[in-house]
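Okay, structure first, notes after.
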Amino acid sequence: MKYFLKHITELTWIAGSLLSVLALCMFVPDFLTSEPLVWQTVVTMILTVGNAVLLMYLVYQVGITRTRSSLPVFCYLLLVGVMSQLHSQWEGQMAVLGLQSVVLLLMRAYRSDNAVHESFLSTLIISITALFLPDMLFLLPVLWIGLSVQRAMNLRVVLASLIAAGLFVLYVWISSTLFPSAFSILSIGDTYLHTLPSAEALLPLLFLAVAAVVFAVTSLLGFARENSRAQSLVLILLMLLLVSVVMMFFPPKYFSSLLAVAVYSVAALSAYCFCTRQSVAMGVIFIVYILLSLALFTLTLLNVPTY
């Protein structure tokens, strides 16, 4: 029994793929209701799967696992599946897609003396995602702190980031001046901003908060024994989680728009913990994590107002 619990997170490709498909089935109830629109759910599903695969690639590139484990795919699909309010909000998955690209660029900039290219592209990507979610611009300081964590910060890197931001602002100004009607179609972020959830919505959010605390603390246990790249990834994910949580509540109108970023941060930390901490305790946490996720999904199917 102890051996089973210790190695339960070492999923084979078949087992991981099967669990990932089952987690993706949490989107099915959205197709049985009149709202949201079907195309929104389909686009969100495609982007969610893409982000899950990209998370697997990130975990492999950083060297957390020596093989392309499907566990990160399952972790991300499971947590997004539980947070039903994200099933049709494709803008959030677009933001996560851009954010993951930035994290990959930050990993490539590790201890680089010339990270100008990575700084320019990262700033440009965050700026482009701001077309969908304007509040993504608040993550620019995370990029600069991330470059410092990667020991790649210098004057040229800062100037490259500022030039990219300036070019984007210039593009927005010219576009909004010359083509106001066409540009208004792109600036759809305002339709995605919502106020804080009602009291009935707190159960999934409580689950997310507990998961965030558990995986944040677990990722810091034995932190000094990890390689430098893994340490950098954990610090960047923790910063993303902290900033997104703070921005979700101050001001509260950004709550829903940054929920996808918080979910990504927690899912990535959970994948890191399950891939690097093979123990009986982690095996128990893995099983309880899945059971609680299934319980929340069951409440949703029974039309209990949990979100």
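So in the working numbering, the last spot in the sequence shown is 428, and the numbers never skip.
Beta carbons: idealized from backbone N, C-alpha and C, even for Gly.
Sub-7 Å separation of residue i and residue j beta-carbons
{"i": "L176", "j": "A216", "result": "no"}
{"i": "I129", "j": "G404", "result": "yes"}
{"i": "V183", "j": "M228", "result": "yes"}
{"i": "S340", "j": "C396", "result": "no"}
{"i": "K198", "j": "L145", "result": "Looking at the sequence provided, one finds Leu at residue 198 rather than Lys. Yes, they are a contact pair."}
{"i": "V142", "j": "L417", "result": "no"}
{"i": "A330", "j": "V387", "result": "no"}
{"i": "S353", "j": "C196", "result": "no"}
{"i": "T169", "j": "Q210", "result": "no"}
{"i": "F241", "j": "A286", "result": "no"}
{"i": "V382", "j": "S365", "result": "yes"}
{"i": "V223", "j": "V278", "result": "no"}
{"i": "I247", "j": "L225", "result": "no"}
{"i": "A389", "j": "L359", "result": "no"}
Among the options, nearest to residue i - alpha-carbon criterion
{"i": "S190", "options": "W211, Q210, G137, V201", "result": "G137"}
{"i": "L423", "options": "Q182, P150, F259, L168", "result": "P150"}
{"i": "L342", "options": "A281, V263, A402", "result": "A402"}
{"i": "M166", "options": "F289, S414, L153, L207", "result": "L207"}
{"i": "S282", "options": "L252, I295, N172, S243", "result": "S243"}
{"i": "Q221", "options": "L264, S349, L252, A345", "result": "L264"}
{"i": "L245", "options": "V367, V270, V290", "result": "V290"}
{"i": "L415", "options": "L192, L153, W160, L200", "result": "L200"}
{"i": "V270", "options": "L326, S349, L327", "result": "S349"}
{"i": "T162", "options": "M257, Y178, E212", "result": "E212"}
{"i": "P325", "options": "Q399, T419, V174", "result": "T419"}
{"i": "R272", "options": "T298, L363, A230", "result": "A230"}
Environment of residue i [buried if 16+ CB atoms lie within 10 Å]
{"i": "Y385", "result": "buried"}
{"i": "S205", "result": "buried"}
{"i": "V409", "result": "exposed"}
{"i": "L380", "result": "buried"}
{"i": "G267", "result": "buried"}
{"i": "N172", "result": "buried"}
{"i": "L412", "result": "exposed"}
{"i": "T250", "result": "buried"}
{"i": "L276", "result": "exposed"}
{"i": "I295", "result": "exposed"}
{"i": "T421", "result": "buried"}
{"i": "V159", "result": "exposed"}
{"i": "V194", "result": "buried"}
Element boundaries [alpha helix (DSSP H), containing residue i]
{"i": "H238", "result": "237-250"}
{"i": "G219", "result": "211-229"}
{"i": "V149", "result": "Looking at the DSSP string, V149 is not in any alpha helix (DSSP H), and its letter there is neither H nor E."}
{"i": "S414", "result": "401-422"}
{"i": "Q161", "result": "159-183"}
{"i": "G202", "result": "192-203"}
{"i": "T130", "result": "Here T130 belongs to no alpha helix (DSSP H), and DSSP marks it neither H nor E."}
{"i": "G343", "result": "Counting along the chain, G343 falls outside any alpha helix (DSSP H), and DSSP gives it neither H nor E."}
{"i": "L258", "result": "Here L258 belongs to no alpha helix (DSSP H), and DSSP marks it neither H nor E."}
beta-carbon residue i near the ligand NAD non-hydrogen atom, thresh 6 Å
{"i": "Y292", "result": "This structure simply doesn't include the ligand NAD, nor any ligand for that matter."}
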